[in-house]
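Below you'll find the structure, written out as structure tokens, and then a few comments.
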Amino acid sequence: MSEIRQEISFEGLKNVKKAGGSIRDVAQATGFSIATVSRVMNGNVHVTEATRKRVLEACEALDYVPNPAARALTTTRSKTVAAIIPTIEHSVFAKFISAIEGTLGAHGYALVLAVAGSGEEEELAAAKKLLGLGAEAFILSGMAHSAPLLEMLNRRRVPHVFTSVWNAESEVPTIGYDNAGLSTSAVRYLYQMGHHDIAVIHGQLADNDRTRMRKQGIVADPPAEMAFRFFETEISVAGGKRAMNEVIVHYPACTAVLCFSDVLAMGTYFSIAEAGLSVPKDYSVMGFDNIDWASETVPALTTIDLPAAQMGQATAAEIMNALETGEPCQRHLIAADIVERASVRRRG
């Protein structure tokens, strides 16, 4: 019987909505029973390869993601929120995630987390898996995400927000910082401290829209007498060290280094020390993030304090409100300030 059903066309798909089809839609489109479709989705070995192929093709066409929590959705909700972040290696993300989980947990919600740092396909695959775990809403880092991912969330009417960034014109609500404005503030601060030749050390521009925004904030409208050179590297202590080695060799006029991450700033400290130089006598250094150890370095690091915990709390609150009331999430601009310590000296 199953082999005969392989000849059924996919005409049934035309009459089924593509906005997150159900297992019943897959059964209707393929001509198989719900039990057969369920066996395929559960990996049952007693299913022919032709049946498996046809069911999976229908799932893809109908945008059906098997959801273990869906069985209970007729009487209750999963109350699960998903977050996809690029890395867990830096403490700023740990603070952010901890604040989200604490705020959600206090109201009976759970957080599921995925790390997707290697591209859009990995992020889309992670999102489908999280939907399968019952995620009702999504928290995404930055604004740069694939069209298939956003289309899938919109079709399913899944609330989602962009974080670590603020943009008043974004169709998706943004909760985070004015990255361009913050880098502009950093440049003005260094200018007021008498520095006109600035080296900017940053992560890879292609991989991070927040980094691109920060660079735009520097080049948009700087004081006429200021000069900048940009040094791209990976965001790590080793990357900051290598970039600073380049600064020392190729930018002799430089008096101050602006790093788009405190992790990169730590690398510059090591490079400067190994060259027999010192901070801030020979080079002033400024960072971004204000991570835990920034105040403990010698000298203590002047940096921009990004209140990750506050951003996490605001994000969780907006997501829960959207799920409880059906109202759209709102934008939040999270204010950030320069924390002045001892790593930047006044010249002249």
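Count the sequence shown with the numbering used here and you get residues 1280 to 1627, in order. Ideal placement from N, C-alpha and C gives every residue a C-beta, glycine not left out.
Sheet register partners of residue i (DSSP bridge)
{"i": "S1563", "result": "A1535"}
{"i": "R1508", "result": "A1478"}
{"i": "T1453", "result": "F1441"}
{"i": "S1420", "result": "T1442"}
{"i": "I1363", "result": "A1393 and L1419"}
{"i": "E1582", "result": "Checking the displayed sequence, the identity of residue 1582 turns out to be Thr instead of Glu. Answer is G1566 and V1618."}
{"i": "L1612", "result": "G1455"}
Cβ neighbours of residue i in the same chain (closer than 6 Å, five flanking residues each side left out)
{"i": "A1351", "result": "Reliability fails at A1351, whose pLDDT of 45 lies under 50, so the model's placement of it is uncertain and the value that follows must be treated cautiously. Closer than 6 Å at the Cβ level, and outside the excluded window around A1351, lies no residue."}
{"i": "A1588", "result": "K1374 and A1378"}
{"i": "N1569", "result": "T1582, D1584 and V1618"}
{"i": "T1463", "result": "G1496"}
{"i": "E1448", "result": "none"}
{"i": "A1601", "result": "P1438 and C1608"}
{"i": "T1395", "result": "Contrary to the premise, residue 1395 reads as Ala rather than Thr in this sequence. Contacts found: I1363, E1401, E1402 and A1405."}
{"i": "S1550", "result": "K1520, M1523 and N1524"}
{"i": "E1399", "result": "S1425"}
Nonlocal neighbours in the same chain, by C-beta distance under 8 Å from residue i, ignoring five residues either side
{"i": "L1403", "result": "S1425, P1427, L1428 and M1431"}
{"i": "S1312", "result": "A1306"}
{"i": "A1499", "result": "A1459 and T1463"}
Integer Cβ distance of residue i from residue j, believed to fall under 8 Å
{"i": "G1519", "j": "T1547", "result": "5 Å"}
{"i": "G1482", "j": "E1513", "result": "7 Å"}
{"i": "R1331", "j": "V1316", "result": "Not really, about 10 Å apart at Cβ, beyond 8 Å."}
{"i": "E1511", "j": "L1484", "result": "7 Å"}
{"i": "M1623", "j": "M1472", "result": "One point to set straight first is that residue 1623 is Val, not Met, in the sequence displayed. Between M1472 and V1623 the Cβ distance is about 6 Å, and since that is below 8 Å, they are a contact."}
{"i": "T1442", "j": "L1419", "result": "7 Å"}
Any non-hydrogen atom of the ligand ATP within 6 Å of residue i CB
{"i": "G1627", "result": "By its list of ligands, the structure shown contains no ligand whatsoever, and the ligand ATP lies outside what it can speak to."}
Reference residue i, options the options, closest by Cα
{"i": "R1626", "options": "A1535, V1577 and F1417", "result": "A1535"}
{"i": "G1496", "options": "H1529, L1461, L1484 and M1472", "result": "L1461"}
{"i": "P1502", "options": "H1481, I1313 and V1466", "result": "V1466"}
{"i": "A1596", "options": "F1417, S1622 and E1450", "result": "F1417"}
{"i": "A1459", "options": "L1612, F1372 and I1302", "result": "L1612"}
{"i": "A1621", "options": "A1579, A1499 and V1334", "result": "A1579"}
{"i": "L1575", "options": "G1591, G1387, E1553 and M1545", "result": "According to the sequence provided, residue 1575 is Glu. The question's Leu does not apply to it. For the residues G1591, G1387, E1553 and M1545, the minimum Cα distance to E1575 belongs to M1545."}
{"i": "C1338", "options": "A1385, K1407 and M1523", "result": "K1407"}
{"i": "E1553", "options": "R1521, R1333 and G1398", "result": "R1521"}
{"i": "S1357", "options": "E1606, A1614, M1599 and R1610", "result": "M1599"}
{"i": "S1301", "options": "T1327, V1326, A1329 and L1335", "result": "L1335"}
Check whether residue i and residue j have beta carbons under 7 Å apart
{"i": "T1604", "j": "I1454", "result": "no"}
{"i": "V1479", "j": "F1509", "result": "yes"}
{"i": "P1365", "j": "C1608", "result": "no"}
{"i": "T1359", "j": "A1405", "result": "no"}
{"i": "V1305", "j": "Y1343", "result": "yes"}
{"i": "D1571", "j": "S1370", "result": "yes"}
{"i": "V1440", "j": "M1422", "result": "no"}
Cβ neighbours of residue i in the same chain (closer than 7 Å, five flanking residues each side left out)
{"i": "T1353", "result": "Below a pLDDT of 50, predicted positions are generally treated as unreliable, and T1353, at 40, falls in that range; no measurement from the model is reported."}
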